[in-house]
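A quick write-up on the structure given underneath.
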Amino acid sequence: MGEVYRARDTRLGRDVAIKVLPARLAEDPEFRQRLDREARAISSLSHPNICALYDIGHRDGMGFLVMEYLDGETLATRLTRGPLPLDQVLRYGIEIADALAAAHRKAVVHRDLKPGNVMLTRTGARLLDFGLAKPVAGGHAAGGVHAATVSAPLTSQGTLLGTFQYMSPEQLQGQEADARSDIFALGAVLYEMATGTRAFDGKTTASVIAAILEREPAPIPSLQPLAPAALDDVVRGCLAKDPEVRWQTAHDVSLQLRTLRTRGVERESQSIPTALPKRRLALWGVAAIALFAAGLLAARYFATAAPPDAPELLRAPVLAPTGHAFTPNDFAISPDGRRVAFIAAGADGVQTLWVTSLESGQSAEVAGSDDAKSPFWAPDSRWIGFFARGKLMKVEPGGVGLQTVCDAHATARGGAWGPSGDILFSSAVFGPLVRVPAVGGTAQPVTQIPPDMPGEAHRFPQFLSDGRRFLFSASWTNQQRGGVYLASVGGGAPKLLSSEIRSRTVLASGYLIYVAEGTVYARPFDERDGQFTGEPRALLRNEIAADWRFGDMPLSASGNGRIVFQSRQTYYSQLLWFDRSGKELGVVGPPGYWSPALSPDGTRLAVTHDPDGTGRTNVWIHDLNRNVAAPLTTTGTHTALAWSRDGKWIAYSAMRSKTGIYRRPADGSGPEETIHESEAHLLVNSYSRDGAVLAMDFAKGIPELRAFDVQSKQSRLFDVGAEGSYSPDGKWIAHLGYNNTPGVSVTPAAGGGQIRVSSGPGSQARWRRDMTELYYIAPNRKMMVVPLTSRDGTLEPGPPRELFQTRVVQPALALFQYDVTADGQKFLINSLPREGVSAPLTLLVNWTAALSR
């Protein structure tokens, strides 16, 4: 009912929030009383999770409150993007519960707890808006101490106080609210945070009230399978219809959430009765701790020998280190199931190798592992291989013995360490698998790319137990040849096992695991005969997705019935706006937008997006003014894209029976047009002023820049390097150096010598509209700027300098992951999650039990 203004406290030099009644309400005694009541309530409270009151006053007949200014978003706004990761549900839930507990100790009942009255800031959750709060007679607001009625729960106009969806049954029935009413609202808020849906909802006010009074919400795990059953038990203890069987204090709820956060292991088959009488609450607290302790002991027991008579599935979160966030698809569980190696990015965007013990929960960073990626284990779990800075490296799990094994391309990935001491890995984005001794040497090809398929890629090798044969995945470059193959280090033609499996596979416990359209399947596989022995069985549904760029799968398995996976709902990057100083300005769209490209007029954004996690990525157009988005294509799988200079067309790459370059009117008013199709891989980079599309062509196995004329369909080779971007006037191309030499150069589009722009490695060059600056991403994810001066038909670059540190999801990739406004003042960057944003990995113990359900 108030208006809130941001203001400057000139005496103390700080920003504040000033809350006043709007003119239409300022004359109403009831609303003036509410403002005064809020001031009295907040003035009695001092807690880090409650918005602070600085001053109260009157001016020209208008009352106002001067309050702490909070920089963030409301929980209600955050929930428009879907449910929160489990670690955030627990963190914010604890903070909200602590704030309520502090208020209740001061005999203040909030009475209007809802997502709109919780602000999420960088320092945590803050409880706002005590306009409906009231003191409780008797001096204590905690449940179990019944206060005398102070006032009727209706306003003078006969309206219930509060927001229907979060009101307790006793409030709806006209009874007096006490602390346990706030606890009911807390349960409704926790439920919505965990599931993304309201605990009680309906099309009309009457149906909402009926739901609160008569029905129970669906179990949280039925909507979010990753959520532990114990969280559902805590929430149901809040949402009990009878206040007598609810949690009696907010402090009790906080303790239960803290136990969930610190213990973190829960048996899915266990459940606790929803109705908890007061005399059993203390016993439940002890039982919960004992339950989690038993779960931890069970996890340690299963790590060595899971008995056949214990078929229960065990889930547990694996948390990122403090100050870090997991990077997508970059983790591996050790063969003995005791540790997980993973890549995490710090606040500076630098990603390093970490190892966590699944027994102790302790994590340690590997020194000297900057820019690490794609970890994998030796079969005896005594070494970890990974890639960093153009090298294949290895290190012991304790972080000692760091060694370089061999040189590796910047895009190398997918290592497998065999029993005989050989390592296989993908040599580049496109190309064969190579083999190198783990003690060091020069990598040599172990598979062959057919001469007629130079753009094909062999990826994600894994050895069979005999140490000679291995599985690998063929790329999506040609859908007719894609699939999973069985090969031997001794040579010979690979054997196609399945052309239907297009993701990376994991061989474990007699099953071949893969993902298709959001479902993880496990298919029985006989290693000795090298063939399937049964039909696929569903293991996880709608929890992870194959990486549409490389066919990767965020799942790793040990040799003793343990799996670690990363949820598709939480590991995606997020498009964020930044100014030139690196200050975050806002969010665009849901997680999972890729390849951002701003329209020439800056009002629309083209992205590739896979909202359902099916691996079928399409082009979407996001209207930045109206904040709405719609798909432009529906056929999948689409990758890179670019706008025409007049903003009327979108050109894009797509992988179908062949790969090709296509275009369609940006408003969707016309059909798709084919510009060029090829057996080789093609990635659109930029659109010229005269109607040519610049793309990377992998026909020779290495990227070449070619311009494909939209009308004539003829192409022209630019023998200058890779990853190109036309200048706004069409006279220049910014690109990587020749033969992928690290660094950014510019070359005349009409032909001529290269002009080096970057002082070191860099990629993803973008132009300012007036051509006075060129931007690129350094390997350490810093946004770099180079001043440009046009003189006598040439460009003279100035010295590069850092603008700000980014968390761009890929610092070196042929798919551009940022764009810049025409004036160079704002940057839209596809960013890795920050600390507290990325959800934990999930550990499954005895996962084969789930196949029989």
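No gaps in the numbering here: position 163 of the sequence shown is 414 in my numbering, and each next residue is one more. Note that beta-carbon positions come from the ideal geometry of N, C-alpha and C, so glycine has one too. Treat the numbers as computed from the prediction; the structure is a model and nothing was measured.
What does a CB cutoff of less than 6 Å around residue i pick up in its chain, not counting 5 residues either side in sequence?
i: T868; result: W799, T859, D861, G887, T888 and H889
i: G344; result: L441 and L508
i: G453; result: V459 and A462
i: T525; result: Low confidence applies to T525: its pLDDT is 30, below 50, so where it sits in the model is not reliable enough to give any reading.
i: S432; result: S419 and Q422
i: P670; result: P630 and G718
i: H298; result: A350 and A353
Does DSSP put residue i in a helix, in a strand, or in coil?
i: I926; result: strand
i: H889; result: strand
i: K270; result: strand
i: E421; result: helix
i: A462; result: helix
i: V944; result: strand
i: Q965; result: coil
i: R356; result: helix
i: P999; result: strand
i: D1070; result: strand
i: G264; result: coil
i: W1098; result: helix
i: H509; result: For the record, residue 509 in the displayed sequence is Arg; it is not His. Residue state, collapsed to three classes: helix.
i: A481; result: helix
i: D874; result: strand
i: M644; result: strand
i: P1050; result: coil
i: M444; result: helix
i: V1106; result: The structure shown has nothing for residue 1106, since the chain only spans 252 to 1104.
i: T325; result: strand
i: G636; result: strand
i: P366; result: helix
i: S1010; result: coil
i: A439; result: helix
i: Y320; result: coil
For residue i, which residues in the same chain have their Cβ closer than 7 Å to its Cβ, ignoring the five residues on either side in sequence?
i: P648; result: R590, V606 and I635
i: F435; result: S419, C489, L490 and R497
i: E443; result: L330, P366, R449 and A450
i: G692; result: C657
i: V735; result: L722, S724, L748, S749, I752 and T756
i: A596; result: H575, A576, T578, Q602, R1058 and L1083
What do you reckon, are the CB atoms on residue i and residue j nearer than 8 Å?
i: A445; j: V369; result: no
i: H986; j: F681; result: no
i: A880; j: W871; result: yes
i: V995; j: Y1027; result: yes
i: V1096; j: R792; result: no
i: L836; j: P847; result: no
i: F242; j: V740; result: There is simply no residue 242 to check, as the chain begins at 252 and stops at 1104 in what is shown.
i: F676; j: P626; result: no
i: P472; j: L511; result: no
For residue i, count neighbouring Cβ atoms within 10 angstroms of its own Cβ and tell me buried if that reaches 16, exposed if not.
i: P494; result: buried
i: A663; result: buried
i: G1075; result: buried
i: E751; result: exposed
i: D777; result: exposed
i: G438; result: buried
i: Q499; result: buried
i: K964; result: exposed
i: T1093; result: buried
i: G972; result: buried
i: A399; result: At A399, the pLDDT of 27 sits below 50, so the modelled position is not reliable and the matter cannot be decided from this model.
i: A392; result: Annotation note: pLDDT 45 at A392 (below 50); position unreliable, no value reported.
i: H927; result: buried
i: K270; result: buried
i: D620; result: Just to set this straight, residue 620 is Ser in the shown sequence, not Asp. That one is buried.
i: Y256; result: exposed
Can you list, in chain order, the residues of its chain with a C-beta nearer than 8 Å to that of residue i? Leave out the 5 residues immediately preceding and following it.
i: G810; result: P586, D587, G588, A759 and S760
i: Y772; result: I764, Y765, V766, P787, R788, A789 and L790
i: S678; result: A659, H660, A663, L684, V685, A694 and P696
Legend entry - Runs of beta strand (DSSP E) lying entirely within the segment 734-762, each at least 3 residues, in chain order: 734-739, 746-749 and 757-759
Legend entry - Whole runs of the beta strand (DSSP E) within the segment 581-619, excluding any shorter than 3 residues: 590-596, 602-608 and 614-616
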